[in-house]
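These notes concern the structure reproduced below.
Written out as structure tokens, the structure is:
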């Protein structure tokens, strides 16, 4: 309500008309520098600016100054725990990529040493992961036969890793991280589920002891290969080892999931399985009865491989293409995992900085006989639950892998391939997120179409086709990519204030008379919230909150207790947008700030109810107008404005 006197008093302040260059400049700033990275350098002496610049490139210079013995204890336990999980997995994942087992171990030695120097996540554990290993192996064997030309195949793998790192680092350096957001949450869930099934099917070769197995990854070819070998190609001793230890791994995984305090049971289960199965094969000499074993793993640390990388010729181009695709998938997985744990533990993750760190890690890895590495969800979850305090747990992991390479690799001689297959199957089952799949179907049928396209593409065609289908469904043909990126990934968010003597809340830039409500920050989102902009919207809201907190601290005003998000312009929201709101809610709860939604439309409120977000936030935190919300929670503050 606004009386006639107020109508005369308050006139909208229209901003002056901007030139084309000014508009382009502002658009570029919002696109590439939405987090205002230069803000901390303002009004600082040169020496301080240099030190801040070094800290930006090498975050270890910041958190390393505050490192304590207590933090080291947490990182030591976490590092030892993830090492017991990762070493058996690394050997299994290298087989997925059709590479020698020692290369899997090499890839958990050098990259985890690099990441803590440059990465901003405290929880991510670096190393080979199942999906990227499968994708890389599939793409590489389409170009070079790993059996007939093993050296050429390894060279192409190192070339792809080099260009994957260059791609990742370039995206971060030029602040182009928004590109990976064109893979929506639904498409990623579908891709991961399809990849998990494909990986599990590929492991049936080692699980059943089949010698002649198809090189295709689609479900039809795999099932045909299994059926053809059913009467003469299966090995019962292998099946006995695989099935019994897979049962053990799944039981320990269930125990760790049900009781968070017993997470270590599932973490050490793979190592125990390897030890038990190796002893069993050695004692019974099952390798003489058709049980395939790892045989020899080269002893010693990573040999240099810079001379093996193709920089010219047709294989260099092929390596570049494979590296770009694999690098983007690895980047998407790592950023998603990093954001998840950052939200849970209430710290900021710099996406562009992560990309530079991952890229540098893979470039240096390619020079030291490693293949593409990234942050895996399984090992990162174990790292977090084990009590890691900083990224230094990766250094502990690297030291344990170094010890393994120098002294323990000969002991893997009698390790059966069957247990490696069982470890990989147990690991990838967690990639099938049934709860999220059902939620996507229930909330947004168009999202589910992207999910289904990615899932079916991976399972019935190949990993690369599944990825291509997911991207094609999400991108509208014929629309200018620049316009899509600008409008869809960086929507406007506005800080609102109260017009005195009214219940109207208006843009503070346009109305000079509006004032902040003490203890409250009100932000309006001026666009639908989709997968392309959900992360940006969340971080932009948090940035408004941070700026207001700093301003109120300087002016010694009351502490902020409420964040009101005005949703009237938000005509739609998808599962990625709801996921971003859930993360925002968790972050605010840790800061003891209440999240309140104002004026969500019917389409938005329906999807929030379907996703049960209304139950999570509480229906008493959703209002028709901003004024109603303010009157409910801070009525006295309005009177003082």
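In the UniProt record's numbering, the protein residues as written are 1 to 641.
We put the CB at the ideal spot given by N, CA and C, even for glycine.
Residue i, enclosing alpha helix (DSSP H) - first and last residue
| i | result |
| --- | --- |
| residue 228 | 219 to 228 |
| residue 109 | From DSSP, residue 109 is part of no alpha helix (DSSP H); its letter is neither H nor E. |
| residue 207 | 204 to 208 |
| residue 411 | Note, residue 411: premise wrong, no alpha helix (DSSP H); not H, not E. |
| residue 496 | From DSSP, residue 496 is part of no alpha helix (DSSP H) but of the beta strand (DSSP E) over 493 to 498. |
| residue 507 | Not the alpha helix (DSSP H): residue 507 falls in the beta strand (DSSP E), residues 505 to 507. |
| residue 585 | 575 to 590 |
| residue 166 | 150 to 173 |
| residue 604 | 602 to 610 |
| residue 447 | 445 to 460 |
| residue 314 | 314 to 345 |
| residue 618 | Looking at the DSSP string, residue 618 is not in any alpha helix (DSSP H), and its letter there is neither H nor E. |
| residue 553 | 534 to 554 |
| residue 418 | 417 to 428 |
| residue 633 | 626 to 633 |
Close Cβ partners of residue i (< 7 Å) along its chain, the five nearest in sequence each way excluded
| i | result |
| --- | --- |
| residue 60 | 116, 117 |
| residue 50 | none |
| residue 348 | 342 |
| residue 189 | 433, 436, 437, 440, 451 |
| residue 364 | 110, 114 |
| residue 528 | 570, 571, 572, 573 |
| residue 410 | 299 |
| residue 81 | 264, 267, 382, 386 |
| residue 274 | 88, 415, 419 |
| residue 85 | 267, 270, 379, 382 |
| residue 321 | none |
Classification of residue i by the beta-carbon crowding that lies within 10 angstroms, buried from 16 upward
| i | result |
| --- | --- |
| residue 551 | exposed |
| residue 308 | buried |
| residue 147 | exposed |
| residue 483 | Below a pLDDT of 50, predicted positions are generally treated as unreliable, and residue 483, at 47, falls in that range; the measurement from the model is reported next regardless. It is exposed - the Cβ of residue 483 has fewer than 16 other Cβ atoms within 10 Å. |
| residue 560 | buried |
| residue 511 | buried |
| residue 185 | buried |
| residue 306 | exposed |
| residue 355 | buried |
| residue 201 | buried |
| residue 260 | exposed |
| residue 8 | Below a pLDDT of 50, predicted positions are generally treated as unreliable, and residue 8, at 46, falls in that range; the measurement from the model is reported next regardless. Residue 8 is exposed by the Cβ-count criterion. |
Selected residue, minimal CA-CA separation from residue i, among the options
| i | options | result |
| --- | --- | --- |
| residue 102 | 274, 515, 84, 298 | 298 |
| residue 376 | 140, 330, 405, 577 | 330 |
| residue 303 | 138, 141, 367 | 367 |
| residue 664 | 310, 326, 234 | Nothing can be reported for residue 664, as the shown portion of the chain is limited to 1 through 641. |
| residue 587 | 614, 546, 604, 515 | 546 |
| residue 525 | 163, 305, 507, 501 | 507 |
| residue 100 | 276, 150, 46, 252 | 150 |
| residue 170 | 361, 405, 553 | 361 |
| residue 461 | 221, 97, 46 | 221 |
| residue 318 | 132, 455, 159 | 159 |
| residue 548 | 568, 517, 575, 165 | 517 |
| residue 137 | 65, 105, 463 | 463 |
| residue 541 | 493, 519, 577 | 493 |
| residue 519 | 603, 453, 635, 577 | 635 |
| residue 162 | 369, 612, 129, 446 | 369 |
| residue 55 | 371, 350, 428, 237 | 350 |
Terminal residues of the beta strand (DSSP E) in which residue i lies
| i | result |
| --- | --- |
| residue 524 | 520 to 525 |
| residue 309 | Careful: residue 309 lies outside any beta strand (DSSP E) and carries neither H nor E. |
| residue 594 | 594 to 598 |
| residue 564 | 562 to 566 |
6 Å Cβ shell around residue i - same chain, five flanking residues per side excluded
| i | result |
| --- | --- |
| residue 389 | 71, 74, 75 |
| residue 380 | 123, 124, 125, 337 |
| residue 650 | Only positions 1 to 641 of the chain appear in this structure, which leaves residue 650 out of reach. |
| residue 346 | 587, 590 |
| residue 558 | 518, 519 |
Own chain partners of residue i with C-beta closer than 8 Å, once the 5 adjacent residues on each side are dropped
| i | result |
| --- | --- |
| residue 626 | 496, 505, 522, 564, 566, 598, 599 |
| residue 246 | 207, 422, 425, 426 |
| residue 459 | 194, 197, 198, 218, 219, 466 |
| residue 334 | 124, 354, 358, 374, 375 |
| residue 593 | 545, 560, 561, 562, 563 |
| residue 605 | 614, 622 |
For a minimum of 4 consecutive residues, which ranges assigned as the alpha helix (DSSP H) are wholly contained in the segment 359 to 403? 377 to 385, 393 to 403
List in chain order: all unbroken alpha helix (DSSP H) runs of 4+ residues lying wholly within the segment 45 to 79. 46 to 57, 60 to 63
Mind listing, in chain order, the continuous alpha helix (DSSP H) runs of no fewer than 4 residues lying wholly within the segment 258 to 297? 263 to 284
I'd like the ranges of any alpha helix (DSSP H) spanning at least 4 consecutive residues and lying wholly in the segment 81 to 141. 101 to 106, 111 to 118, 130 to 141
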